[in-house]
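Novice: What follows is a structure written as structure tokens; I'll ask about it next.
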Amino acid sequence: MCLGIPGEVIELMAEHDDLAMVSVEGVKRAVNIGLLREDSDGPLDLSPGDWILIHVGFALSKIDEREAKASLEWLTGVGDAYTDELDALAASDIT
Amino acid sequence: MKYVDEYRDADTARALATKIAGLCEPGRRYSLMEICGGHTHTIYTHGLEDHLPESISLVHGPGCPVCVIPMGRVDDAIALAEQDDVIMTSFGDMMRVPGGRGSFFDSKAAGADIRMVYSPLDSLKIARKNPDKRVIFFAIGFETTTPSTAMTVLRAAAEGLDNFAVFCNHVRVTPAITAILSSPDLHLDGFVGPGHVSTVIGCEPYTYIPREHGKPIVVSGFEPLDILTSVYMLMQQFADGRCETENEYARVVPWAGNPKALGVIDRVMEVRDTFEWRGPGWIPESAMQLRAEYAAFDAERIYQVPGVRVADPKACQCGEVLRGAIKPWECKVFGTACTPETPIGTCMVSSEGACAAYYNFGRFSRSRVKEATSA
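Residue numbers (the numbering used here), protein chains in the order written: chain F, 1 to 95; chain W, 1 to 375.
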């Protein structure tokens, strides 16, 4: 729950303003991107190919690819807690 | 040198360690607290303490939200979950945390409908599918997860979902630091500040620590080199006679945090007068609750929560570990009666708990074994 997991934005979901389809370690899941907006109607500076740091289904910040790769390596070292979190993410459906 | 091999850049790490050693004043000891459980994990996994001078000790703080939940609060949640019309949802991390009457897993085995979720938003889906039940999300975490709960409440309100509620246990990091600073049995010289929490709150909320308490703080990333760099930045402050808030993790943490997330929290939640922590005890203004406007989503207003108070088991010294008063291996039951397979205390349950991190990684460090056997 405390782990920030990097994911790569695949597409912004046209039918849901606040959701993006994101690839996390090859698993595609919807992630809420509402916290990346400056205000509720404001523009969203996010495009396919961007990397985001995800906490419990919400993107909290944009990160660069180098940081994403470093985070993934750190998470791999965390062991079971990370694989448990990935399993939970794979079972999640927030659409 | 097993641990050095795990650095991405061992030469940089060695150079940093040498620079840190060069900043140590002869005869002076430095006690630095890393607040975040993720940092504790990195320190043990990579054996970082072995590469620091003996005069620098890293003290583990209370930054594991699962670890600081008092047993009575778990019992309160189970009392809610045991009602006929309730489905309780919880992050997986909480499921094995022992309350006075067992854990969520024990309660689930006994018939309560408790389900693991990855996101609070998963709970909304369960609520939509079960209109005849009330879904209560056991909300937990520091400011990293608080905005997610707040966003979920806003979504439920927008949908008019009247069978979703939150049992709010969100805690705040700065009051915990204040409580630790006033602890009589602990002298600290500075802090390695949390990374992910700071993506939300930024660095500004920490500035009172150097200003009012005279202790520097450096917000840090999670890589071994991040932590060594943060220790170096603290040592440089001591050497320069400075006392400031600095940001080592600026590549992820903006100084102002995430204004949208802070706005969402403020819209949905307010600071509680006080909240009980395992370890430091009752800390003023250390947790959040839903605002009255969102009372329809607040399990503590919808239900009569028992408000159970349970003392920790006598053998368990999690409280002292969480206050930084003792190291994990100094606990009487560490590694004997209390292991990750049979945890007595919360610090052994969560992988970010200091005891579990030390049990799984740190005890193989030569210098730590030396300390443990001479303790």
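For glycine and all other residues, C-beta sits at the position ideal for the given N, C-alpha and C.
Run the CB neighbour count on Q317(W), radius 10 Å, all protein chains shown included, and call it buried at 16 or more, exposed below.
Specialist: It is buried - the Cβ of Q317(W) has at least 16 other Cβ atoms within 10 Å.
Novice: Give a yes or no on whether the C-beta atoms belonging to C355(W) and P328(W) are separated by under 8 angstroms.
Specialist: Contact flag set, yes.
Novice: Have a look at F361(W) and A158(W) and give me their C-alpha separation to the nearest angstrom.
Specialist: Each residue's Cα considered, the two are about 46 angstroms apart.
Novice: Could you check whether the Cβ of D17(F) sits closer than 8 angstroms to any Cβ belonging to chain W?
Specialist: It does not; no Cβ of chain W falls within 8 angstroms.
Novice: Which term fits S61(F), buried or exposed, when burial requires 16 or more other beta carbons within 10 angstroms of its beta carbon?
Specialist: By the neighbour-count rule (16 or more Cβ atoms within 10 Å), S61(F) is buried.
Novice: Go ahead and pull the three-state DSSP assignment for Y118(W).
Specialist: Y118(W) falls in the coil class under three-state DSSP.
Novice: Using a Cβ-Cβ distance cut-off of 8 angstroms, determine whether S351(W) contacts chain F.
Specialist: Answer yes: the Cβ-Cβ gap between S351(W) and chain F drops below 8 angstroms somewhere.
Novice: Three Cβ pairs or more, each shorter than 8 angstroms: is that satisfied between the region 42-57 of chain F and the region 105-121 of chain W?
Specialist: As far as the Cβ criterion goes, the region 42-57 of chain F touches the region 105-121 of chain W, which means the pair count is three or higher.
Novice: Would you say E25(F) faces chain W, with C-beta separation under 8 angstroms as the test?
Specialist: So, not an interface residue.
Novice: What does DSSP give as the partner residues of R29(F) in its beta bridges?
Specialist: Its beta-bridge partners are V22(F).
Novice: Hey, out of A17(W), F137(W), E248(W) and G324(W), whose CA is closest to L181(W)'s CA?
Specialist: If we check each option's Cα against that of L181(W), G324(W) comes out closest.
Novice: Examine chain F for any beta-carbon lying closer than 8 angstroms to the beta-carbon of Y3(W), and answer yes or no.
Specialist: Low local confidence applies: a pLDDT of 36 at Y3(W) is under 50, so the model's placement there is unreliable, with the coordinate-based value given in what follows. No, because no Cβ of chain F sits closer than 8 angstroms to the Cβ of Y3(W).
Novice: In chain order, what residues of the same chain lie with their CB nearer than 6 angstroms to the CB of V264(W), ignoring the 5 residues before and after it?
Specialist: Same-chain partners within the cutoff: P147, A150 and M151.
Novice: Suppose contacts are defined by Cβ-Cβ distances below 8 angstroms. Is A165(W) in contact with R134(W) by that definition?
Specialist: Their beta carbons are under 8 angstroms apart, which means A165(W) touches R134(W) by this criterion.
Novice: Helix, strand or coil for W255(W)? Go by DSSP, reduced to three states.
Specialist: DSSP places W255(W) in coil when its eight states are reduced to three.
Novice: Using a Cβ cut-off of 8 angstroms, which residues of the region 97-119 of chain W contact any Cβ in chain F, in chain order?
Specialist: Against chain F - using a Cβ distance shorter than 8 angstroms - the residues of the region 97-119 of chain W are M116, V117, Y118 and S119.
Novice: So K108(W) is in the alpha helix (DSSP H); what residue range does that whole segment cover?
Specialist: Run containing K108(W): F104 to A109, per the alpha helix (DSSP H) assignment.
Novice: Can we say the region 19-36 of chain W touches the region 49-61 of chain W, given the rule of at least three CB pairs closer than 8 angstroms?
Specialist: At 8 angstroms Cβ cutoff, the stretches touch.
Novice: Helix, strand or coil, according to DSSP, for P328(W) in the structure here?
Specialist: The answer is helix: DSSP assigns P328(W) an H, G or I state.
Novice: Note down the Cα distance separating E341(W) from A91(F), rounded to an integer number of angstroms.
Specialist: Cα to Cα, E341(W) sits roughly 25 angstroms from A91(F).
Novice: Run through the DSSP bridge pairs and tell me what R134(W) is partnered with.
Specialist: Per DSSP, V86(W).
Novice: Roughly how many angstroms lie between the CA atoms of A412(W) and P259(W), to the nearest whole one?
Specialist: As displayed, chain W neither begins before 1 nor continues past 375, which places residue 412(W) out of reach and without an answer.
Novice: Measuring only between beta-carbons, confirm whether F297(W) sits less than 8 angstroms from chain F.
Specialist: No, because no Cβ of chain F sits closer than 8 angstroms to the Cβ of F297(W).
Novice: Sort out for me which residues DSSP pairs K62(F) with in a bridge.
Specialist: Answer by DSSP bridge pairing, in chain order: I52(F).
Novice: With 16 other CB atoms within 10 Å as the buried threshold, where does K332(W) fall?
Specialist: It counts as exposed.
Novice: What beta strand (DSSP E) runs, 3 residues minimum, are completely inside the region 24-62 of chain W?
Specialist: Runs of the beta strand (DSSP E) inside the region 24-62 of chain W: 30-36.
Novice: Determine the chain F residues that contact G281(W) at a beta-carbon separation under 7 angstroms, and present them in chain order.
Specialist: By Cβ distance, chain F contributes nothing, its closest Cβ being about 22 angstroms from G281(W), past 7 angstroms.
Novice: Only counting runs of 4 or more residues, tell me where the alpha helix (DSSP H) segments fall wholly within the region 168-233 of chain W, in order along the chain.
Specialist: List check, alpha helix (DSSP H) in window: 173-181, 196-201 and 208-213.
Novice: Could you tell me whether the Cβ atoms of A139(W) and N169(W) are closer together than 8 angstroms?
Specialist: Yes, the Cβ-Cβ distance between A139(W) and N169(W) is below 8 angstroms.
Novice: Within the chosen definition, does the region 183-196 of chain W reach the region 229-247 of chain W through at least 3 CB pairs nearer than 8 angstroms?
Specialist: The region 183-196 of chain W, when compared against the region 229-247 of chain W, does touch it at the 8 angstroms Cβ threshold.
Novice: Quick check: what's the CA-CA separation for G221(W) versus W51(F)?
Specialist: Roughly 17 angstroms between the two C-alpha positions.
Novice: What whole-angstrom Cβ distance do P194(W) and C347(W) have, given they're in contact under 8 angstroms?
Specialist: With 8 angstroms as the limit, P194(W) and C347(W) do not qualify as a contact, their Cβ atoms being about 17 angstroms apart.
Novice: Where does Q236(W) sit, in a helix, a strand or coil, going by DSSP?
Specialist: Correct three-state label for Q236(W): helix.
Novice: Verify whether the separation of the beta carbon atoms of H41(W) and E352(W) is less than 8 angstroms.
Specialist: Result yes, Cβ atoms of H41(W) and E352(W) sit closer than 8 angstroms.
Novice: Could you give the residue range of the alpha helix (DSSP H) that holds T144(W)?
Specialist: T144(W) -> no alpha helix (DSSP H), and no H or E assigned at all.
Novice: Grab the span of the alpha helix (DSSP H) containing G319(W) for me, first residue to last.
Specialist: Where G319(W) is concerned, the enclosing alpha helix (DSSP H) stretches over C318 to L322.
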